[in-house]
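Chemist: Chains as they are written, first to last, in numbering that gives the first Met the number 0: chain H, 0 to 91; chain C, 0 to 374. Every residue, glycine too, gets a C-beta built ideally from N, C-alpha and C. I have a structure here, written as structure tokens, and I will follow up with some questions on it.
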Amino acid sequence: MYVLNPTTAPTAARFVAAERVRALRGARLGLLDNGKHNSNKLLDHLCEVLAEEHGFADVRRARKPSPFAPAPETMLAELADSCDVVITAVGD
Amino acid sequence: MAVAHGAPMVNELSVVSDQWPVVPETEFQSEQLEVVDAAAAMELFFERGWTDGLPIVPPTPEAVEAMLEYAGRYPAEHLGSVPERRREVNVEKVAINAVMAGCLPAFFPVVLTAVEAILEPRFSLVGPSSSTAGAAVLIVVNGPVARELGLNSKDNLFGPGNRANATIGRAVRLTMINAMGTTPGVFDRSCMGHPGKYTYCIAENEAESPWAPLHVDRGLHADDSAVTVFAAQAMYQSNDRFHSDAKSLLASTALSMAAVSSFLADAQPEMAVVVGYEHMLALRESGLTRNQIKDFLFERARSDLVSLKQVGKLPGSVKPGDEARFEQVLDSPDDILLIAAGGVAGRYTNIIPGWPGGGSRSVTRAIGQCEECHI
């Protein structure tokens, strides 16, 4: 007898990875907070540690309206335009 | 494509009315696996992680085709996406999982509607189905279809024994596990989980309720058949054995609501209040309307800040005056899903808090609802 497979597989995502920056010194840093409790503290601490070692030209912060939905396209576009590297983090 | 109403009775399984659209001999997109027999199929599905931990009914092409024929739906029809998990859900996959759950073909339109409902943006599936808080999907079926399918709205309401209640809820969960990426331990990271994740499906006691049923409260007609889905935590069985007047019963219900609420500061979820039969009779005698009941519960369901801080539901230390400051359980009386259901003996009302993550709202969808036709 035959039975049917009940599962779906993830559809292949097509994206081109951004070019990596050669050095963090002088880069414009973006911090994307996913909206969870304490995300901001984690990101602030990371920023402090990295800034001490490398030094950034600028730091931008953004916070998702909800941890459970994707970041709005406008938010992502703004970060992509104004930053060379972005760190995104969860908290809790 | 709309589904015709007035489906044949459940025991007329072999009847495929000539009213139904003719579905051509099905070419399934899904992989077909050869097995020796049904027992081997059941073991295979356990090995592959395709079950909820219980044995499944082997989804043969014939059984899946029976689901599709009954509902008059094409297997390739796209129902929706879970973009965060890059999953696309079609009718075929839901039909396979409905067979596995043990559904009769007559149940399939209900299952499809529930799946369509949880895929609506308003339900915001990813949060409740993946977070550590671990919600299930409460399914409430209203209208003629509930009676036609023999869905249980009374004794042993949330318990075992009724095929429709058990398998409709199970079909939705299996579809979530297998076709939507809600795999336990992978994307489903519930800490505790709860038994509603096996099945959590009821009908409302519309015949005896003094209030308009849930789907009518939400804008549909009484003779529409509808499904409401709600991202729901485990329930608390509130047992008021001594009060017989409406106001006292509602006050004790409100206390129970406060005891089980998450009290999130910025995202209060909804709450279902399933009024048991004996409590429903007392409320019916009072003449209180549905809106009056909801208003009363909304106002009374609250807790003082001292209590909330002491149990860690609110941050910070207790300050002078906190005993006289209150947080409401809900943002609005409209956040209460008031449902009359439960067995005839026993003085209970069940409180079902919504998923505490914020952003997920219950969805009511008519069976046969057509997005393009707006009917």
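Thinking L329/C and I335/C are a contact (beta carbons under 8 Å), I'd like their distance in whole angstroms, please.
Modeler: Confirmed, about 7 Å.
Chemist: Against chain C, with Cβ distances strictly below 8 Å, would N22/H count as a contact?
Modeler: Here residue 22/H is Ala; the residue named in the question, Asn, does not match the sequence. A22/H does not count as touching chain C.
Chemist: How big is the Cα-Cα spacing for I138/C and V114/C?
Modeler: Roughly 10 Å between the two C-alpha positions.
Chemist: Please name the residue or residues paired with R162/C in a DSSP beta bridge.
Modeler: None, per the DSSP bridge assignment.
Chemist: Could you please tell me which residues of the region 138-171 of chain C, in chain order, have their CB closer than 7 Å to any CB of chain H?
Modeler: So the list is empty, because no residue satisfies the distance condition.
Chemist: Using 8 Å as the threshold, is the region 169-185 of chain C in touch with the region 242-252 of chain C, meaning 3 or more CB pairs across them?
Modeler: These segments do not touch.
Chemist: Using DSSP with H/G/I as helix, E/B as strand and the rest coil, what is N155/C?
Modeler: Coil, per DSSP.
Chemist: Where does G192/C sit, in a helix, a strand or coil, going by DSSP?
Modeler: Looking at G192/C - three-state DSSP - the assignment turns out to be coil, as it is neither helix nor strand.
Chemist: Which first and last residues belong to the alpha helix (DSSP H) in which H214/C is found?
Modeler: 213-216 is the extent of the alpha helix (DSSP H) around H214/C.
Chemist: From which residue to which residue does the alpha helix (DSSP H) around S247/C run?
Modeler: 245-259 is the span of the alpha helix (DSSP H), which, as asked, contains S247/C.
Chemist: Tell me the start and end of each unbroken alpha helix (DSSP H) in the region 78-118 of chain C that is at least 4 residues and wholly inside, in chain order.
Modeler: Whole alpha helix (DSSP H) segments, 4+ residues: 90-100, 107-117.
Chemist: Is the beta carbon of R217/C sitting closer than 8 Å to the one on A253/C?
Modeler: No; because the gap between Cβ atoms is not below 8 Å, this pair is not in contact.
Chemist: Output the distance between the C-alpha atoms of M99/C and T348/C, rounded to the nearest integer angstrom.
Modeler: Between M99/C and T348/C, the C-alpha separation is close to 33 Å.
Chemist: Does any C-beta atom of chain C lie closer than 8 Å to the C-beta of M0/H?
Modeler: True, the Cβ-Cβ gap to chain C drops below 8 Å.
Chemist: I need the boundaries of the alpha helix (DSSP H) containing E46/C, first residue and last residue.
Modeler: Segment 37-47, the alpha helix (DSSP H) holding E46/C.
Chemist: Going residue by residue through the region 258-345 of chain C, where are the continuous alpha helix (DSSP H) segments of at least 4 residues, counting only ones entirely within it?
Modeler: Listed in chain order, they are 276-285, 289-299, 304-309.
Chemist: Return no unless some Cβ of chain C is closer than 8 Å to the Cβ of F12/H.
Modeler: Strictly speaking, residue 12/H in this sequence is Ala, with Phe absent from that position. Chain C, which has a Cβ nearer than 8 Å to the Cβ of A12/H, makes this yes.
Chemist: Should P212/C and E203/C be called a contact, given that it needs their Cβ atoms to be closer than 8 Å?
Modeler: Yes, the pair counts as a contact, with Cβ atoms nearer than the cut-off.
Chemist: Please list the terminal residues of the continuous alpha helix (DSSP H) segment that includes T181/C.
Modeler: From DSSP, T181/C is part of no alpha helix (DSSP H); its letter is neither H nor E.
Chemist: Between the region 64-78 of chain C and the region 138-155 of chain C, can you find at least three pairs of beta-carbon atoms closer than 8 Å?
Modeler: The region 138-155 of chain C vs the region 64-78 of chain C: no contact.
Chemist: Which two residues bound the contiguous alpha helix (DSSP H) that contains Y69/C?
Modeler: Unbroken alpha helix (DSSP H) run through Y69/C: 60-70.
Chemist: Under the rule that 16 or more other beta-carbon atoms within 10 Å means buried, what is H220/C, buried or exposed?
Modeler: Flag for H220/C reads exposed.
Chemist: Give the residues of chain H in contact with L307/C, contact being defined as C-beta atoms less than 9 Å apart.
Modeler: Result: empty, since nearest Cβ-Cβ is about 16 Å, beyond 9 Å.
Chemist: Please compile the residues from chain C whose C-beta is within a distance smaller than 7 Å of the C-beta of P71/H.
Modeler: Per Cβ cutoff of 7 Å: no residues; P71/H is ~14 Å from chain C at best.
Chemist: Taking the alpha-carbon positions, what's the M0/H to M179/C distance?
Modeler: Straight-line Cα distance between these residues: approximately 27 Å.
Chemist: Ignore the nearest five residues each way along the sequence and tell me which others in T166/C's own chain have a CB closer than 7 Å to its CB.
Modeler: Around T166/C: A100, G101, C102, F106.
Chemist: If you follow the beta strand (DSSP E) that P57/C is in, where does it begin and where does it stop?
Modeler: First-last for P57/C: undefined, no H or E at that position.
Chemist: Can you list, in chain order, the residues of its chain whose CB lies under 8 Å from that of R346/C, leaving out five sequence neighbours each side?
Modeler: Closer than 8 Å at Cβ, skipping near neighbours: N238, D239, R240, G275, E277, H278.
Chemist: Could you give the DSSP three-state label for R27/H: helix, strand or coil?
Modeler: R27/H: strand per DSSP, three-state reduction.
Chemist: Could you work out which residues of chain C lie near T6/H, taking near to mean beta carbons separated by less than 7 Å?
Modeler: Those within 7 Å of T6/H in chain C are W49, N177, A178.
Chemist: Is the number of C-beta pairs between the region 2-12 of chain H and the region 21-35 of chain H that are closer than 8 Å three or more?
Modeler: Result no; under three Cβ-Cβ pairs closer than 8 Å.
Chemist: Checking 8 Å against the spacing of the C-beta atoms, do G195/C and G358/C come in under that value?
Modeler: It is not a contact, given that the beta carbons lie outside the stated cut-off.
Chemist: Using only the alpha-carbon positions, how far apart do R13/H and R84/C sit?
Modeler: So the two alpha carbons sit approximately 14 Å from each other.
Chemist: Residues in the region 48-66 of chain H with C-beta within 7 Å of chain C's C-beta atoms, listed in sequence order?
Modeler: Listed by position, the residues of the region 48-66 of chain H near chain C (Cβ gap below 7 Å) are S65.
Chemist: Determine the extent of the beta strand (DSSP E) in which V144/C is found, giving its start and end residues.
Modeler: Premise fails: V144/C lies in the alpha helix (DSSP H), 143-147, not in any beta strand (DSSP E).
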